[in-house]
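Beneath this line is the structure, given in C-alpha cells, with notes to follow.
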Amino acid sequence: MVQTAASEAAQLLDLTYVLLKMVPSDDLPVLPGWTGFNTLLRKDNIPSISRVGYLPVIDASPTEYSTINTILKRSTKIADQLQLQYATLVFDEAVYAKIQHVRWKNDTYYDRFIDVFIESGIVSEGSIKGVMSGKHYNRSLLCHKTMYEALQRLRFEEFLDTLDDESQEDISSFVETMKKAFEEDQLREYINSEQMEQLCERYEAFIVESSARSLTFAYWSMYIQMTGILLLFIRATREVDWNLHLSSFRSMIPWFFACDKVNYARYGSAYWLEMISLEKSHPGALPEVSANFAVQRQNNYGFAAVACDQTIEQTANRDSKTKGGLIGFTMNRASVHRWLLSQSERARITGQCKYMAGINCKPRNKKDLDATKCQNYENSVCGVLATITSMINPFNSDQDGLVNITSGVELPKDSAKSLLDAEKLGEGQFTAFCEDNLLSKKPDIFTPIKRNKIRTFSSKTKTMTDKKGQTIAVKSTRNLFARLLVISKTREIDLKGLLSFSLSEFPLSIATVSGDLVKTTKSKMFEVLEKTASSPVVDVENLQNGTALIVYGMAVVQAMKGKWRTFGEFADSVFSYLLNLVKQWKAVRLDFVANRYPSLSIKNAERAKRAAQGVQRVHIYNKDQNIPKQWKKYLSCGDNKESLAVFLCGHWSTYHSAQMKSLESFYVTSADKCYLLSHGLSPSDTVQRIEVAELRCDHEEADTRLLLHSRHAAEAHAEIIIKSPDTDVFLLCTAMQKTIGTKLYLMTGNGNKFRVIDVAAVSDSLGEELCASLPGFHAFSGCDTTSAFLGKGKLKPWKVLMQHPEFCAIFSRLGNLPIHDDLVDLLN
C-alpha cells in the first residue's frame with residue numbers, strides 16, 4: 043500500500059474511529075457510523091456550494107466513437123466560448139477507455155482536455171450494480187463498512203489480550219479520554235499525540251508478527267487493508283482532497299492487476315501517470331482540478347462532496363423526469379427530438395421554479411447522524427461480531443494455514459501463498475507495465491495483460507461444466523477413438539483387444555468422466571421390497587401400547603419447519619415434536635439416534651457434493667445463541683450437525699421430569715456416546731442422565747446405530763417402530779429382522795405417502811437367504827459409497843438376482859472379513 047502524508051493521516055483517523063466505537067456507551071448516545079463520525083469532524087471549513095449547469099442531451103450511446111467525437115467537439119466549443127484554457131471531462135471506465143483512444147491520436151484534444159477518471163464502481167453510489175453480488179452498491183458498501191469495523195474491533199481486542207494488565211488499562215483509559223475529547227471537539231489534539239503514535243507502532247508490530255505466524259490472520263488483515271483503501275478513496279471525494287485521491291487510487295492499481303481487472307489496470311495506470319504529471323503537461327490546470335474534481339451540493343454540513351456522475355443523477359436527470367418517467371414517455375419521434383433539444387433548459391427552469399415556489403428539497407441533518415440509524419448500525423456491527431465469534435475468529439485461531447472461517451476448510455499452501463502475495467504480484471505487474479508499455483520509447487497500452495487467475499476458496503472446488511451443469515471431460519474420448527481409426531490404416535492394431543479397455547481416464551461403466559461415482563435411484567429398491575409382501579402397511583390402531591420408538595435424529599432435524607430465534611427454542615420445538623410422536627404411537631421408550639461426522643470418512647465425496655454451495659461452520663455456546671439465518675446451509679456442514687446433536691442432548695438433560703410426561707426412558711446419542719434420560723424422584727427434579735455403555739458406538743452412519751438401539755430395545759419391548767425415510771435403513775431392517783427377533787415397523791413417507799411398514803412381513807416374504815444377501819447386493823449395485831453400474835440402476839440387477847438365486851450366497855458373504863480371492867472371482 044502506498045503511504046503518503048495524506049493517506050497516513052486518514053488511516054490514523056479511521057483507526058481512531060474504530061477505537062472510539064469500542065468504548066461502551068451505556069449513558070451516552072451511540073456514536074454514528076463511519077460517515078456520520080467524519081461528518082461531525084468536519085463542522086468547520088465547509089466548501090462553498092458548486093454551481094451546476096445543464097447541457098443538452100446527446101441522443102446516442104456514450105460508448106460509440108461518433109458520440110465521443112461529438113462530446114469532444116462540443117466541449118471544445120463550450121471552452122472557447124467561456125475563454126477557458128482547459129476543459130475537464132469526467133467519465134466512467136467504459137467511456138474513459140474509448141475516449142482515450144481518440145484523445146491520444148488527436149493532439150488538439152490531448153493538449154486541451156484533462157480527463158478525470160472517477161471509478162464509478164467505487165465513488166458513485168448508483169453507477170454500479172454491486173460490489174460482491176453485482177447489485178445495490180449502497181448496500182454492498184454498508185456491508186464492507188460494517189465488516190471493516192467488526193474485524194478491526196476483533197483484531198484490536200486480540201492485540202489487547204497480548205498485553206499485560208497495566209498496558210491494557212493505560213490504553214483503555216487513553217481511548218476513553220479521546221472519546222470525551224471527541225464530544226468536546228478536541229479530538230485532533232489526541233490524534234496527533236505521542237501516546238497515539240506509540241499505540242499505533244505497537245499495534246502495527248503486532249499485526250506484522252501475527253500475520254507472519256497465521257495465514258488466516260494475514261488474509262483478514264489484507265481484507266481490512268483493502269477496505270481501508272476504499273474508505274480512503276471515498277474520503278478523498280467527500281473532502282475534495284486531491285492528494286488523498288491520487289494516493290488511494292495508486293494503492294488500488296496493484297489490486298486491479300492482481301485480480302485480473304485488465305481494463306481498470308490498463309487505463310488506471312495511464313490515468314495515474316497523467317494526473318501526477320498534470321502540472322507539467324497542462325500548466326495552471328492543477329489548482330482548478332484539485333479544487334473541483336468533486337461537487338459540493340450544500341453547505342449545511344461537511345464531508346458531503348459527491349462524484350460528478352452522482353451529481354448529474356441528483357440534478358439534471360431528476361429535474362428532467364416526466365410524470366410517468368422517461369422511458370417510453372412518447373412514441374412520437376418528433377416529440378423525442380423536441381424534448382432532447384429543450385431538455386437542459388426545461389430542467390434548469392424546473393429547478394428554479396421549485397426553488398421559487400419553496401417546494402425544493404428542504405435541508406436536514408445528515409441521515410447518518412439520526413439516533414435510530416446510529417443504533418441500527420451499531421447493532422449490525424455487533425451482529426457481525428457475534429456471527430464471526432460463533433464460527434472461527436480469524437484473529438485468535440491456532441491454525442497456521444489459511445482457513446475458511448465458515449467451513450473450516452484449509453486452502454492448500456501454494457494457493458494460500460499466491461493469494462496473500464497478490465498485492466506484491468500486482469505491484470510488480472504495474473511497475474513492469476508502466477516501464478514496458480507507458481514510459482518506453484515506443485508506448486503500447488494495448489499489449490495484452492497476463493491474467494493471474496489466483497485461486498481462492500470459491501475456485502478451489504470448481505469443475506468444468508457444460509450448459510446443463512454436468513461435469514465434462516477435458517479430453518474427448520470421441521477424438522481419441524477417431525485418431526485410433528486413422529492410425530489403424532497404417533499400423534496393425536487389434537481394435538477388439540484395445541476396446542476391451544477403457545479409452546477414458548476412468549472406466550465409464552462405474553464412474554463419470556471426472557471420476558465421480560455413478561449414482562442411481564435407491565428408492566426403487568424400497569418400492570421393490572415393499573411390494574414383495576401382500577399387505578405390509580399396518581394401522582396405528584393395531585399397534586400395542588408400550589412400544590419403543592427409535593427416530594433417525596438428523597432426518598427429524600432436517601424436516602423441522604418453523605421460525606425459531608435461538609438454539610434453545612429449536613431444541614424445545616424438536617422435543618415437543620418427539621413427544622407428540624410418542625403419544626401418537628403409544629410409546630414409552632424413545633431413542634434419538636444421530637450420525638457422526640468424522641473428518642476422515644468414506645462419505646466425504648457424497649457430503650461435499652450435497653454441500654456444493656458452501657458451508658457455514660457455527661459453534662454453539664449456549665441456548666440463547668441465535669440460530670443462523672441460512673439454516674439449510676448451516677445443516678450442510680457435518681461438524682455443525684454433530685455439534686447440534688451434542689447440544690440437543692445437553693439441553694434436554696436440563697429439563698424437569700414433568701416435561702417428559704408419559705415418556706419413561708429417553709435415549710439420546712451424543713457423538714459416539716449414548717445417554718439415558720429418565721424421570722427424577724419428583725416432577726420438579728431435573729431428569730436423571732446416565733451413560734449407557736452398551737450403546738456406545740463409533741459407527742459413522744445412524745443407519746446401523748438404529749439397529750443397535752433396536753437390539754437393545756428388543757430386550758424389554760415386544761414391538762419397535764423405527765422412523766426413517768432412508769432406503770438403506772429399510773434394507774438393513776429387513777436383513778436383520780430375524781437377528782433382532784422383536785417385530786420391527788418402519789415409519790416413512792410424508793403427507794399422502796406416509797405409512798408404517800411391517801418389516802417382519804417383508805422379511806418373511808423374501809426368505810432368510812435373500813434377506814441375508816440384501817446388504818451385499820445393495821452395496822454391489824450402488825449406494826452412497828459405491829458406484830452403480832451405468833444405465834443399470836437397481837431394478838435390472840434385482841431381476842438378475844431373482845432369476846439366479848445361487849448369487850444370494852455370494853452376496854451374503856460380501857462385507858465379511860477377510861475377503862477371499864474366490865469371492866472376487868465369483869462377483870466378477
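Residue numbering for the sequence shown follows this note's numbering, starting at 43 and increasing by one per position. Using N, Cα and C, we set each Cβ at its ideal position, and we do this for glycine too.
Is residue i helix, strand or coil when you go by DSSP?
i: T781; result: helix
i: Y96; result: coil
i: Y190; result: helix
i: C350; result: helix
i: N259; result: Correcting the residue identity first, residue 259 is Phe in this sequence and not Asn. In the structure shown, F259 sits in a helix (DSSP, three-state: H, G or I).
i: H698; result: strand
i: D800; result: strand
i: L73; result: coil
i: T204; result: coil
i: L131; result: strand
i: L559; result: strand
i: F853; result: helix
i: V250; result: helix
i: A553; result: strand
i: R390; result: helix
i: E239; result: helix
i: E199; result: helix
i: D864; result: helix
i: V44; result: coil
i: V337; result: strand
i: N858; result: coil
i: A102; result: coil
i: N870; result: coil
i: C739; result: coil
i: D614; result: helix
Along the beta strand (DSSP E) that carries residue i, what are the first and last residues, could you check?
i: A590; result: T589 to Y594
i: Y717; result: K715 to S720
i: Q730; result: Q730 to E733
Please classify residue i: is it buried, with 16 or more other beta-carbons within 10 angstroms of its beta-carbon, or exposed?
i: G833; result: exposed
i: D800; result: buried
i: K517; result: Residue placement at K517 is flagged as unreliable, the pLDDT there being 46, under the threshold of 50; the coordinate-derived value follows with that caveat. With fewer than 16 other Cβ atoms within 10 Å, it is exposed.
i: C395; result: exposed
i: G791; result: exposed
i: R154; result: Legend: pLDDT at R154 = 47, less than 50; position of this residue unreliable, no value from coordinates given.
i: M373; result: exposed
i: G783; result: exposed
i: Q125; result: exposed
i: H754; result: buried
Going by DSSP, name the residue or residues bridged to residue i.
i: D633; result: I592 and Y709
i: Y245; result: Paired residues: none, contrary to the question.
i: N668; result: T608
i: M876; result: Nothing in the structure corresponds to residue 876, since the chain is present only between 43 and 870.
i: V579; result: I799
i: E452; result: V445
Between which two residues does the alpha helix (DSSP H) holding residue i run?
i: Y676; result: W673 to L677
i: I764; result: From DSSP, I764 is part of no alpha helix (DSSP H) but of the beta strand (DSSP E) over E761 to K765.
i: C424; result: A413 to S432
i: H820; result: E810 to S823
i: S457; result: K455 to L462
i: T118; result: Y107 to Q123
i: K566; result: S565 to T574
i: M317; result: V304 to I318
i: M844; result: L837 to Q845
i: F291; result: W284 to A300
i: L229; result: L229 to I233
i: G539; result: L537 to L540
i: S641; result: Run containing S641: none; DSSP gives neither H nor E here.
i: H754; result: A744 to A755
Measure how close the beta-carbons of residue i and residue j come, nearest whole angstrom, since I'm counting them as under 8 Å.
i: S293; j: I271; result: 5 Å
i: L241; j: I213; result: 6 Å
i: S530; j: L541; result: With a Cβ gap of about 11 Å, S530 and L541 do not count as contacting.
i: L286; j: A48; result: 4 Å
i: F291; j: F275; result: 7 Å
i: I592; j: L748; result: 6 Å
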